[in-house]
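Going by my numbering, the sequence shown opens with residue 2, and the numbers climb by one from there.
Yeah, the Cβ is synthetic: ideal placement off N, Cα and C, and Gly gets one too.
Just so it is clear, the structure is predicted and the values come from calculations on it, not from any experiment.
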Amino acid sequence: MVEPAHTEAARLILGLRSAGVTEPRVLAALEAVPRDLFVPRIFEDRAWEDSALPIACGQTISQPFIVGLMTQALAIEPRHRVLEIGTGSGYQTAILSRLARYVYTVERYKTLLTEAEARLRRLGAANVITRFGDGGVGWPEQAPFDRILVTAAAPEEPRALLAQLKPKGVLVAPVGKGPVQTLRRYLPDGEGGFRMETLGDVRFVPLLEGVAKEG
Ligand code: SAH
2 MVEPAHTEAA
12 RLILGLRSAG
22 VTEPRVLAAL
32 EAVPRDLFVP
42 RIFEDRAWED
52 SALPIACGQT
62 ISQPFIVGLM
72 TQALAIEPRH
82 RVLEIGTGSG
92 YQTAILSRLA
102 RYVYTVERYK
112 TLLTEAEARL
122 RRLGAANVIT
132 RFGDGGVGWP
142 EQAPFDRILV
152 TAAAPEEPRA
162 LLAQLKPKGV
172 LVAPVGKGPV
182 QTLRRYLPDG
192 EGGFRMETLG
202 DVRFVPLLEG
212 VAKEG
């Protein structure tokens, strides 16, 4: 028997809550965004599982728990302007768009960006501004940002992005060169430096330089 999507969503949300995603606004966003719209058709029946899934161009849509964890760690307020690096499917973007005033998102694969834009339009996420480019350099014209989220693994501390953070901002990024990275949260220390916290081990596709030539 095929379960109605809302039953599956409710089950996922229960699981996320017991795993530590407790912020009500974050859980509400995760419940409201139809993840089945963001996964390839062949994985549609697994859309509400708590697992990462392959998308086009050899990339992945993140695991809902990790999306919840990162979004919660950002502590987004409704007036915030958020920068996201790595649009991918647009799923995390859609979650952010429900919590922030504006979401600026950058993707280095043109096809992924075009597909994500269509999904976000369909959902009526009118506060998302997209860019095809290398997100490793951030978005200087729109900086500074209240919050920055990197959804691809930065090989080392993402300095260019930290420089585009407001004095009371928060940046969350997976950092590391190997297949397993550390999820980090950076907060400005008020003296030109940053306080860094680690939030656990994660597995992200790498943050690559430049735009993709194909796809
Ligand atoms: N947030 C996405 C996760 C996508 S995976 C989702 O929910 O679906 C990470 C994405 O980061 C990939 O699409 C990859 O192409 C992109 N990426 C990697 N390096 C990048 C860079 N330098 N600039 C912009 N996007 C990048």
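For ligand 1, no non-hydrogen atom lies closer than 7 Å to the CB of Ile67.
Taking the C-beta atoms as reference points, Ala30 is found nearer than 8 Å to Arg99. About 6 Å separates the beta carbons of Ala53 and Ile62, which is inside the 8 Å limit, making them a contact pair.
For Ala144, no beta strand (DSSP E) segment is defined, and its DSSP state is neither H nor E.
Residues with their Cβ less than 6 Å from any non-hydrogen atom of ligand 1, running along the chain, are Gln60, Thr61, Ile62, Ser63, Ile86, Gly87, Gly89, Ser90, Tyr92, Gln93, Val107, Glu108, Arg109, Tyr110, Leu113, Asp135, Gly136, Gly137, Thr152, Ala153, Val206, Leu208, Leu209.
Shown here for Ala126: same chain residues with a beta carbon closer than 7 Å to its own, the five before and five after excluded, namely Ala95, Ser98 in chain order. In the DSSP assignment, Gln182 is bridged to Val203. Residue burial annotation: Glu210 is exposed, with fewer than 16 other C-beta atoms found within 10 angstroms of its C-beta. With respect to the C-alpha of Leu75, the residue from Val203, Glu215, Arg185, Ala213 having the closest C-alpha is Arg185. Beta-bridge partners of Thr106 (DSSP): Glu85, Thr131.
Contact check for Pro168 against Pro141 fails: the beta carbons are separated by 8 Å or more.
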